[in-house]
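Numbering (this note's numbering), first residue to last: 150 to 232.
Quick reminder that beta carbons are idealized off the backbone N, C-alpha and C, glycines included.
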């Protein structure tokens with residue numbers, strides 16, 4: 150089941166798994182560029198999220214992610230959207 154906690158934890162895990170990020174904890178207010186997530190890292194995370202939650206993300210949406218909260222909110226809406 151894709152609860153908000155599952156989505157948040159998945160996003161956090163993917164950020165922490167990134168070789169570019171050098172932080173120990175992720176918070177929703179973290180700015181992606183400040184934790185060293187560049188465009189390539191965001192794209193990689195988005196592809197993993199698409200696979201994990203069976204959703205699709207457009208390039209414009211991915212580039213628009215500025216904070217961890219932006220990513221979580223987008224995934225939650227995409228998961229909740231009726232097909």
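Assigned exposure category for residue i - 16 Cβ within 10 Å defines buried
i           : result
residue 186 : buried
residue 191 : buried
Range of the contiguous alpha helix (DSSP H) that encloses residue i
i           : result
residue 219 : 217-229
residue 198 : 188-202
residue 211 : 208-213
Contact check, residue i vs residue j, beta carbons under 8 Å
i           : j           : result
residue 205 : residue 212 : no
residue 220 : residue 160 : yes
residue 215 : residue 181 : yes
residue 172 : residue 184 : yes
residue 224 : residue 179 : no
residue 164 : residue 194 : yes
residue 202 : residue 158 : no
Below-8 Å beta-carbon distance, residue i vs any chain B residue
i           : result
residue 187 : The displayed structure is made up of one protein chain only, and chain B is not part of it.
Assigned secondary structure, residue i (DSSP; H/G/I helix, E/B strand, else coil)
i           : result
residue 160 : helix
residue 180 : strand
residue 153 : helix
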